[in-house]
Amino acid sequence: MFSFSSLVTKDQTLTNDGAAVKDRRMLDVRRPHQNWHLPTLLLSSRYMAFEIPQPHPHHKQHLSIGVALTALTLAVAFHYLFAEVPYGFSFAVFVALLVAGLHMVIALTGRGGNTWAYLFLIPVVLGVVAESLLASWAVRLLTPVLVAVSLAFFSYWRTHPAIPFWEVKSLWPSALITETIFPIHGLEEFFSGLRVGKNWFRALIGAVVALPFLIVIGSLFSGADPLLRQTLSDLLNFERLPEFTWKFFRDLIAFFFFLGLGWGMLSRALTGRRPVLRERGEPVDRVIYGTFLAVINILFGLFLAFQFIYFFGGESLVAVRGLTYAEYARSGFFELLWVAIIVFLIAWVIYRNTEMREWLSRGLTLLLILQTGVVIVSATMRLLLYINAYGLSVSRWWAAAVILLISAVLLGLALGTLSKRGFAFIAKTLFLGILFVLSGLLLVNVEGWVVKTNVDRFLSGQTKKLDLFYLEDLSSDAIPALVSLYQKPWPSESPEGRHEGEGRALTSRQELANSLRDSSDRIIKMVYADWRRATIADYRAVAAASSVPEQVKVNNLPQAKASPFNPILGVPAGEVPERYEGNIILDGKPITDLRGLLPREVIGNVSLQNTGISSLVGLPQTITGDLDLQGNNLTSLAGIPETIGGNLNLSRNPLQSLAGLPRSIGGTSFYLYDIPAKTIPPGTNIGYVINVNSWQVELIQDAKAKGYPVYVAPKSAI
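For what it's worth, my numbering labels the leading residue of the sequence shown as 676, then goes sequentially.
Below is the structure:
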C-alpha cells in the first residue's frame, strides 16, 4: 500500500526505469542524434534528457494539499460548467480547466513521463472545437465519451515511467481502469497516507468558535442584500432538500474522482509503478480455432449463396416482390451490421491469441473478412437505396459513417495479417485511428449537409417530397441551409411530405419564414439567459435568419384564417366539431364565455388576445401549437389544457398565482410579462425560456432557483 513514506526521500532521484540513484546531477540517458526527427523524439521518451528533482520529506503534505486543491477546483468547475450544461461553450471551458488540472498534477510530480501521450489530446482538442462550433445531438452525445476516453489514456500514460511507444505491449492494461476510469487505487493511497495531527484538531476548534459569528454576520449580510436573502432562503427550503442532497452527493463523488485520479497520477510517477501484464496462457490449439473458423466461413458461404439475389436485388427485387423501400432497406440492415461487428471481434481475438503466425489462421481469417466485406457492401446498398427514396437524415448519415469505420478496421486487420505485423502494433494503430477518425467526424456539420442534400433534391426536381417538419426540427446547425431554401424559388409552393397527425408541419414558404424567425428569437433569448448553452452555430443561425423578412404575425403566431365554425362569426354553435386542424385567431373579439364555442382538440394555434375572458372553462383540452391568452382578465388557470405543444403566453393578466399550469409546455417560450404572480409551481415541465420584465424580481429569482432559463426584457416588453 502506498503512503507518504514511500515517496522518494532526500538525495534520491529516479531513473526512467524507476531505480533510485544518488546525486542530483543531470541524467542524460543517451542523447539523441541532432539529425533525429521530431516525431521520433515524441514517440521515444527514453531519449530525453531531464532533471529529476527530489521531494523533501516536509513537502509530502504539500503534495497532498496541491492534489486536493486541484481536485476541489475541478469539482467546482464540474458543478457549474458540466453537471448542469454538458455541452456548448460550458463543455469547452470545463475540458480546458480539466486539462489544466491534469498538467498541474504532472508539474507536481517533477517527472518526464511519456511525451507521446499527447497524441491522446488530439481527439480532445477536436472534440472541444466540435462542441464550440456545432449544436447537433450527435456532437453533444459522442463528444463527452470520446473526450473522457482520450483523457483517461492521456492521464495514465503521461505519468507512466518512460517507455517508447513501439515498445508498449498493451495500451489498456487493467491498471488503467482502476487508476483512471475508476480511480479507487489512488483514493486508497491518498487516505492511507494521511496523518491526522494536533493541527487538524486545533483547526476544528477554530471552526467551532467561528460558527456563531458566521451565523450572526451572515444574517446581517442577508438583511442588506435581497438577492443573498433569497439565496439563503432557497438553501434552507426543505421542499428542495432532495434536490440539494442529490447535487451535494453528485459533486462529492466528482471531488473524490478527481482526487483519486490526481493522486494516482502522482504516485505512479514518483514510484515508477508499472502495470503487471498477465502472461498469456497456452496458445489455442490450431485444430480448435481452425475448425471454428472453417465452420463460420462455411456458414457465411452458404448464407451469401442463398441470399445473393436478395442481397443485390435492388429496385428490381422491390418491384417484383411488391416490397416497399422501407421494408427492403430495413429487412436485415442492422442484422448485417451486427454480423460485421461480431466478425471484427472474432478476428481481433484470433489475431491476439495466434499473432497470425500460421498459414491456417491467416487464410481462414482473411476469407472470413472477405465474406464480411460482401455483407457490408449489401448493407451499404440497402442504405443508399433508402436514402435515394426518402432522402438523407442525420441517423442515416451516421449509419453510413459507422459502416465505413467498420470497413476500415476490418481492412486494417486484413493488412496486418498479410504483413505479419504483431498484434500490439495493429491494436495500438487501430485504436488511435478510431479515436482520430471519430473526433474528426464530429467536426462535420451533418445537419447542414442533410438539409443541403434534401433541398438540392427538391429544388432540382428530383423529388416532390421535402420533409420540412423534420428539417425544421433540427438544431442551429441547419438554419443557414434552411435560409437558403427560403431565398430560392420552389418548384411547388406546398411540397409533399407532411407528417400525418403532426400539428405543426411546415407546408409553405411563409410558415418556413415564421419558423426561422421564431428559431432566431429562441436562440437569442437562450444565449441571453445562459451563455453556457451557446455555440458558434447559434450565432451563425441568428445572423442567417436576420435576412428573412418579418411576416405578418399576431404576437409571433403565424397569421391564419379564422375558425369557420365560431358562433361569433355567424356559425351556429351546433356545428362546432370535436377536432379542428388549423389556427383559431379570435384576438379582440368580445367573449364572455368559452363554453360551446371551441372544439375539444385543435391541431394548430389558438390566440385569444384581449378578448376580456375571465375563465378558461371551455378551452380546447388538446392544443398542439401555441396558446396566446395575453391581455385578459384571468385570475385562475382552471380549465387550461394539461399539455400545450407550443408556446404559452399569459402576459398582462391579474394572475396572483400560477397554480394549475399545464404539466408540459413544449414550445420554446413561456411569456409571463407583467403578471403579479411570484412563483412557478413545482412539477411543471417547461420546454425552454421564461420571458419576464425586469421589475418581476421575485418571479425571476424563483424561476432561476428552480433551474429554468429566464429571459429578462431590459424594459417593458408589452
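Every residue, glycine too, gets a C-beta built ideally from N, C-alpha and C.
Check                                                                                                                           : Outcome
8 angstroms Cβ cutoff met for residue 1207 and residue 760                                                                      : yes
Alpha carbon of residue 855 to alpha carbon of residue 939, nearest angstrom                                                    : 8 angstroms
Nearest to residue 964 (by Cα), restricted to the options 973, 934, 808, 1036                                                   : 1036
Expected contact under 8 angstroms - CB spacing of residue 1412 and residue 858 to nearest Å                                    : The chain is shown from 676 up to 1393; residue 1412 falls before or after that span and cannot be answered.
Proximity of residue 1078 and residue 1087 at Cβ, strictly below 8 angstroms                                                    : no
For residue 1252 and residue 1274, believed in contact at Cβ under 8 angstroms, the rounded distance                            : 5 angstroms
For residue 1388, the three-state DSSP class (helix, strand or coil)                                                            : strand
Start-to-end residues for the alpha helix (DSSP H) that takes in residue 1255                                                   : That residue, residue 1255, is in no alpha helix (DSSP H); its beta strand (DSSP E) goes 1254-1256.
C-beta atoms of residue 1152 and residue 809 nearer than 8 angstroms                                                            : yes
Beta-carbon gap between residue 1321 and residue 1293 smaller than 8 angstroms                                                  : no
Among 794, 1070, 1291, nearest to residue 813 - alpha-carbon criterion                                                          : 1070
Backbone CA spacing between residue 1129 and residue 1066 [nearest angstrom]                                                    : 6 angstroms
Other residues of its chain near residue 1124: CB distance less than 8 angstroms, five sequence neighbours each side excluded   : 1067, 1072
CB of residue 1027 within 8 angstroms of CB of residue 919, strictly                                                            : no
Segment contact, 8 angstroms Cβ cut-off, at least three pairs: the region 1089-1097 with the region 1040-1050                   : yes
The region 785-794 touching the region 1186-1193, judged by at least three CB pairs closer than 8 angstroms                     : no
One or two residues paired with residue 1282 in a DSSP bridge                                                                   : 1260, 1303
Strand pairing of residue 653, partner residues [DSSP]                                                                          : Examination of residue 653 is not possible in this model, given that the chain is present from 676 through 1393 alone.
Euclidean distance between Cα positions of residue 1126 and residue 889                                                         : 58 angstroms
Separation of residue 926 from residue 1305, as counted between CA atoms                                                        : 42 angstroms
First through last residue of the alpha helix (DSSP H) which encompasses residue 1053                                           : 1034-1065
Same chain only: Cβ atoms within 8 angstroms of residue 784, ignoring 5 sequence neighbours per side                            : 834, 940, 941, 944, 945
Same chain, Cβ closer than 6 angstroms to residue 766, neighbours up to 5 away in sequence not counted                          : 806
Other residues of its chain near residue 670: CB distance less than 6 angstroms, five sequence neighbours each side excluded    : Past the edges of the chain, shown from 676 to 1393, lies residue 670, and the structure says nothing about it.
Burial state of residue 1013, where buried means 16 or more other Cβ atoms lie within 10 Å                                      : exposed
Inter-residue spacing [alpha-carbon to alpha-carbon] between residue 1261 and residue 1372                                      : 32 angstroms
Where residue 1323 sits in the DSSP three-state scheme                                                                          : strand
Assigned secondary structure, residue 1379 (DSSP; H/G/I helix, E/B strand, else coil)                                           : helix
Assigned secondary structure, residue 781 (DSSP; H/G/I helix, E/B strand, else coil)                                            : helix
Proximity to residue 748 [Cα-Cα], best of 779, 762, 737                                                                         : 779
Backbone CA spacing between residue 1354 and residue 1295 [nearest angstrom]                                                    : 26 angstroms
Cβ-based burial, residue 737 [other Cβ within 10 Å; buried from 16]                                                             : exposed
Proximity below 8 angstroms, CB of residue 1117 to CB of residue 817                                                            : yes
Close-in-space but distant-in-sequence residues of the same chain around residue 781 (CB under 8 angstroms, 5 per side omitted) : 788, 833, 834, 940, 944
Pair within 8 angstroms by beta-carbon distance, residue 1318 and residue 1339                                                  : yes
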